[in-house]
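Below is one structure, written out as structure tokens; the observations come after it.
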Amino acid sequence: MAAACERDPASEELRLRFEQRLARSRALFVRRREALPEVGFPQGLPIVERLEEVRDAIERHQAVVLCGETGSGKSTQLPKICLSLGRGVAGRIGHTQPRRIAARTLARRIAEELGQEVGHSVGFKVRFADRVNEITHVKLMTDGMLLAEIQRDRYLNEYDTLIIDEAHERSLNIDFLLGYLKQLLPKRPDLKVIVTSATIDPQRFSRHFDDAPVIEVSGRTYPVEVRYRPPPEDEESGGIDLQQGIVEAVDELAAEGPGDILIFFPGEREIREAAETLRKHHPPSTEILPLYARQSPAEQARIFHPGNARRIVLATNVAETSLTVPGIRYVIDTGTARISRYSARSKIQRLPVEPISQASADQRKGRCGRVAAGICIRLYSEEDFRSRPRFTEPEIQRTNLAAVILQMKLLGFGDIDRFPFVDPPDSRLIKDGYRVLHEIGAVDGLRKVTQLGKKLARLPIDPRIGRMLLEAAHTGCLRELLVIGAALSVQDPRDRPMDRQQQADEAHALFADERSDFMGILKLWDFLREKKRHLTRRKFERLCREHFISPLRVREWEDVWHQLREQLHEMGYRDNSEPASYEVIHQALLSGLLSHIGHRSQGKERDYLGARNTRFHIFPGSSQFAARPKWVVAAELVETTKLYARTVAQIQPEWVERLAGHLVKHHYSEPHWQARRGQVGAYEKVTLYGLPIVPRRRVNYGPIDPEVSREIFIRFGLVEGEIHTRAPFWRHNRQLIAQLHEEEAKARRRDILVDEEAIYAFYDRRIPAGIYSTAQLEQWLRKQKDKKTLFMRREDIQRRPAGLDEAQFPDALELHGARLPLSYHFEPGSEADGVTLHLPLPLLNQVSEGMVDWLVPGLLEEKLVAMIKGLPKQLRRQFVPAPDFARRARALMQPGEAPLRQALAAALRQLTGVQIPEDQWHEERLDPYLRMRIRLVSADGMETVAVSRDLLALQKEYGDLAQQGAGAVPVGDALEREGLRDWDLEALPERIERAAGNMQLTLWPALVDEGDSVALRCLDSQARAKQAHHAGVRRLLMLRMASTVRDLKKRIPNLQQLRLQYAKVPPPPGGVAKGGAPSLEEQILALAFDRAFLATCDTQQIRDRAAFEACYEAGRAGLVEVFERTAGLVADILGGYQRIRKALGGMDQLNWLKPVADMQEQLDGLVYQGFLQEIPAEQLQQYPRYLAGIERRIDRLRSGGLAKDVRAMAEMAGIQQRWRERDRQARRKGLVDPRLEEIRWMLEELRISLFAQEVKTRYPVSVKRIDKRWQELGL
């Protein structure tokens, strides 16, 4: 082995550690043996008289049962007997007690008899206190502490002897220990177990430990007299007056002679009330001492140091068997104790105050007669005593097995039905216990304890109520649930006597809540707490009885509330500081009452459908009896003449599912494909114990029915194309299918692509079973060696070739090097039928009408035919047959920027000489597929901004937005400048190309007028850039000559008068002047600079410093003179406008109405807000002549020229109306058509020719000449 250790360093390390531990163990054994105290036994104790018999039984048997009455000395002497046998050296002597106070007290007593302090040879370990050291031989502890140690020391190796004291109490802890030790003893032959019990059926323990020997020792040495003294009746309530009975019993015993009195009570509250009553009674020379388990050790220690005065010890059943209080000669037994009991009917663990058994009463009696003859007064009758059960039921037979199972799981004791209990529970109750635990989430489906279950095991309460409290602690309603939980743990404090039910109901109505009896409990609690603060005990009890409330049960309620609150605080939970809502409170209640919910029946019966198809009625005393809410929860279901729900509240079914996720059942319908989630969905119905808590909601159906889901996935996700995936096959297949669809759309027929069943079969053959979602498909594809498993080939899905010329149906339009996608759709009647241009918003302003008018080559001839057929009949008959003329015209046409109607009109004129007026084309009447559909998209192409077949309408509505998008494209610092006040720039290119995402954008750099400075920006429209650059150059010249500009503004003659005149001119025909409303002087300056500098300079050529300087030098010398002439021109125009307006205002003869209206229309078309910055300078120069012509016309009218005026109006009416309509159409589209502008000024000259020939025209003009020019311009 040494050689092996040399080869294996790990083994060597293990050997060294083992040897070190062994050495420490030997050393500790020696120290403990040397520290073993000398043991002596006091004479007079019954157990000492049987000392040798006891020693012999312990030495010869692994388990011994020692039976002795109170006072036999078994608890103090047994550990010493074991020490005298040499035990307690190799391991400790463990000595368990049911209560902490007994463990501490016995430790001190045994240490005192050994002449030591606690913490040396004798120590104790209880919650919050550990007085045990390394050499301690005897360790006192609670049975619960030993159970807890089992979890970390399964073989209890710390001990060589265990004394299980007071086993007759048969608490759960004791039964657990007895069962566990029965299993352990065969595995620990060195371990000795001694079970002590009062003289209550000791043979049961003997049989449990395989017929272990039973040694009985006597106890009491003095006789005890029993007196029965039932308390008198209370005059007000008719019930017993326990406090009066106690006072009378104390007085009776005090008259018997000296000696301390021990009084038994069910709980702390009763002790406090009795102490208050006795102190007020003032028994002479008497000390009143309470004794209960939750006292501090110092308070408990006072009991064991008697003084000279008589003592009255007020104790719970902690003094029944666990402790022997010295000096007791008298006992007063109230006959009750708080006993944990499970109600199989209500399925709730309660803590009621109950009459004790005969055996417990005898135990209490045995606490006196230790020092002299004793007297026991029982505050109940002998008949009552005789009618009580002989023994107290073992706790396991009166507790909720759910709690027992939980405790056993936590301790690791295995399954309850295989555990060796002294008295095994009924199998049906075991099954019910597991069902309850599973319902509240304390165990899972495999019956393993959950984390929640471990917390529930620490609460001394029914698991259902514990579940409510833990839920409340997490959801912020612990303060309210502590009150309700405590109330559910005791008997309802509200009385409802059979002969006074109506009065009771009326009294209890004060605490009723319209939605919940649980809220009524809270109201009752608040009422009682408030009244108790201000009333004496007697007045408070009278108040309770007036409201049909039991004071005794109220005290029980408060006791349980205190206990639960302390326990939860020890676990780290705190009360909520703010009041909890109804919803939160009742969801916490639901967590423990899931099988107590009900849904109102639809029939005439006033019943409810409950869990597992049960039917119940709301108890008539409930606040919900008349309300009959749709959904309810009840604290308990009690069967009398009917199955009644008691303590009922309204709930919402959606509260249930979160709490009952492990219990609900699911039903599914209407499976369907959910494209966004990439899965098959369905509608789910959720039921709890048959109740529909969720009638209908969407869920993922794939895992529920994989086969059906796979079919839906393939058919709708893949065949119908509703799947969203980045898998390469999908893009390939969709592109191939789309390509065939597009070929069908281009050819406008439906016989190229196979049907959907063929596509389904393609995927069905290749995709394995069990795949029904996008995520699964992608995962399967990643594992495939053949990455093209799902790639379609054309021959897989094509019926016959399309036979298309791809050049006739392009996939994109070219725009300044950018490719704008085209898509095709064949669905007559659909909004999307035809060719769609997918146009990014930033490119909107760069697309011309001519680009979209020409559609695509493959549809152009068809469109031309339709356009010809759409002409008016007198024109249409010139081009028969239309298809022939369309084909010939197309051969003469060249696609370009010109609109298609202009190109077609020119080609037809070339073929036939027939001129077609432009307004005779009615493209809006064409079939939609013959007009380009424009889908305006965001810059990234992901979002549709608008869809239309009218490009000009889109540009009008979204042009500014498009410019903003183009303006956001980075162009570099050299082409983005702000705050320019002089030419401080590099040479500006006429246009630039920039990439914006996946598109190529053409931008035109331009100077932009910003008032007090100039900016350099890149615009998305050449026309806009040209206009902006002109104004920008002008502003830059004005900024260079800032001082001159300031001086010129001051030199405008009669500026104030001009302002007043200008203020009276009407708004422009469009409603608002372009560019806002600059001041009059600003407009005069701008016009002067245009005439001085820019009349001879092409601003579009001013793109570098040299050109700018040349322009500046060319105009600066003449600026002042030009400005003066310009100011004079403006003054003449506004003066003429003012005169004409005044003259027309005075022409009110009826026969002048039409001429006056005609002149007013002409005047408003010439002079309006902003006209100085809109009208070209050369045309403004003609304004005085136009205005003079109007004034001459007025003079002629006044001189009797009406007839001639009317004839002249009639002569020009046709051409005037034609121009007006075309101009109105252009303005609606936001267009400025230069051809219409030319006709406009010809019409002004025509007016002079017709109405004021003496003014003279600039050139020969007539209606015939204008009409000819109209045709030449292609209008």
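Take the sequence shown: its position 1095, counted from the start at 1, is 1094 in numbering that gives the first Met the number 0, and no numbers get skipped.
Every residue gets a Cβ at the ideal spot worked out from N, C-alpha and C, and that includes glycine.
All figures in this text were calculated on a predicted structure; none of them were measured in a lab.
Report yes if the C-beta distance between residue i and residue j is below 7 Å; otherwise report no.
i     : j     : result
D1097 : A1176 : no
R337  : V352  : yes
V216  : G373  : no
I214  : A101  : no
A106  : L139  : yes
W1316 : R990  : Residue coverage of the chain in this structure runs from 0 to 1274, which leaves residue 1316 outside it and unanswerable.
Q586  : W524  : no
L261  : V317  : no
R377  : I327  : no
S284  : R309  : yes
R993  : V1013 : no
From residue i to residue j, what does the alpha carbon distance come to, in whole angstroms?
i     : j     : result
R1104 : A1207 : 54 Å
V632  : G591  : 10 Å
F175  : L146  : 8 Å
I1101 : L819  : 33 Å
K1073 : L974  : Residue placement at K1073 is poorly supported in this model, since its pLDDT is 49, which falls under 50; the coordinates still yield a value, given next. About 26 Å.
R748  : L717  : 24 Å
V194  : M407  : 21 Å
M0    : E18   : With a pLDDT of 43 at M0, under the threshold of 50, the predicted position of this residue should be treated as unreliable, though the coordinate-derived value follows. If you take the alpha carbons of M0 and E18, they lie about 15 Å apart.
Y643  : E479  : 25 Å
R980  : F1107 : 13 Å
R1223 : L891  : 32 Å
A506  : R457  : 38 Å
R1221 : R908  : 21 Å
Given that a residue counts as buried once 16 or more other Cβ atoms are within 10 Å of its Cβ, and exposed if not, what is residue i?
i     : result
Y154  : exposed
A1212 : exposed
A1126 : buried
M144  : buried
T333  : buried
K191  : buried
A2    : The predicted model places A2 with a pLDDT of 49, which falls under 50 and marks its position as unreliable, so this point remains unresolved.
R427  : exposed
R151  : exposed
L13   : exposed
K1263 : exposed
K186  : exposed
Q1252 : exposed
A503  : buried
Y433  : buried
Going by the C-beta, is residue i closer than 6 Å to any heavy atom of the ligand PLP?
i    : result
R645 : Among the ligands in the structure shown, none appear at all, so the ligand PLP cannot be discussed.
Runs of alpha helix (DSSP H) wholly within the stretch 133-202 (minimum 4 residues, chain order): 142-149, 171-183
Pair every Cβ in the stretch 680-687 with every Cβ in the stretch 699-709, then say whether three or more of these pairs are closer than 8 Å. yes
For the stretch 994-1001 against the stretch 947-961, are there 3 or more C-beta pairs whose distance is under 8 Å? no
Could you name each continuous alpha helix (DSSP H) segment of 4 residues or more that falls completely within the stretch 780-813, going from the start of the chain to the end? 793-796
Going residue by residue through the stretch 734-774, where are the continuous beta strand (DSSP E) segments of at least 3 residues, counting only ones entirely within it? none
Quick one: complete beta strand (DSSP E) runs, 3+ long, within the stretch 502-533? none
At a cut of 8 Å, does the stretch 881-891 reach the stretch 851-869 through at least three beta carbon pairs? yes
Do three or more CB pairs link the stretch 530-537 to the stretch 444-463 at distances below 8 Å? no
Scan the stretch 978-1061 and note each continuous beta strand (DSSP E) run of 3 residues or more that stays entirely inside, going in chain order. 991-995, 998-1008, 1013-1018
Can you give, in chain order, each stretch of the beta strand (DSSP E) that sits fully within the stretch 38-68 and has at least 3 residues? 62-67
When the Cβ atoms of the stretch 429-448 are set against those of the stretch 547-562, are three or more pairs found closer than 8 Å? no
Quick check: the stretch 1015-1024 against the stretch 963-977, are at least 3 beta-carbon pairs closer than 8 Å? yes
Touching or not, the stretch 535-547 and the stretch 611-631, by the rule of three or more beta carbon pairs under 8 Å? no
I want to know whether the stretch 848-862 touches the stretch 931-943 - three or more CB-CB distances under 8 Å. yes
With three or more beta-carbon pairs closer than 8 Å as the criterion, would you say the stretch 38-53 touches the stretch 71-91? yes
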